[in-house]
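The structure appears right after this line, and notes come after that.
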Amino acid sequence: MNTRRATTAKLEPGEHTIDRGNPRERNGTWRLDWSLRLYDGTVVRHTTTGADVSVVRRRARTKAEQLLAASGPTSARLYALAAEVAALSPQQRSELERLVGDLIS
Numbered sequence: 001m002n003t004r005r006a007t008t009a010k011l012e013p014g015e016h017t018i019d020r021g022n023p024r025e026r027n028g029t030w031r032l033d034w035s036l037r038l039y040d041g042t043v044v045r046h047t048t049t050g051a052d053v054s055v056v057r058r059r060a061r062t063k064a065e066q067l068l069a070a071s072g073p074t075s076a077r078l079y080a081l082a083a084e085v086a087a088l089s090p091q092q093r094s095e096l097e098r099l100v101g102d103l104i105s
């Protein structure tokens with residue numbers, strides 16, 4: 001049994017631990033615990049199972065691609081914008097609302 005521990009280095013946005021992780025076998029099923037940092041900085045953790053190691057890693061990569069596509073760089077920009085708007089003072093926020101209202105109408 002391989003008891004080597006995976007690295008704990010911080011993940012960059014869009015990076016995952018699928019290739020770093022050590023799959024474990026239990027009752028004939030392989031399982032891999034992995035993490036993914038989305039573009040907005042959120043870390044999601046998943047467990048993927050399968051008949052063998054290659055199936056587990058392939059399924060995990062597919063899931064990671066789906067999660068990244070759903071979070072996309074656009075999502076990260078919107079998250080950053082929302083955080084910036086939340087930090088505005090009430091006066092700045094009302095001015096921003098006025099400007100956005102002028103753009104929409």
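Going by UniProt numbering, the sequence shown opens with residue 1, and the numbers climb by one from there. Using N, Cα and C, we set each Cβ at its ideal position, and we do this for glycine too. All values reported here derive from a predicted model rather than from experimental measurement.
In this structure, the CA atom of A82 is about 12 Å from the CA atom of R93.
Relative to L68, the option among D40, T29, T49 whose CA is nearest is D40. For L36, the uninterrupted beta strand (DSSP E) run begins and ends at 29-37, by DSSP. For R93, the uninterrupted alpha helix (DSSP H) segment begins and ends at 90-104.
For H46, the enclosing beta strand (DSSP E) stretches over residues 43-50. By DSSP's assignment, R26 forms a beta bridge with T29.
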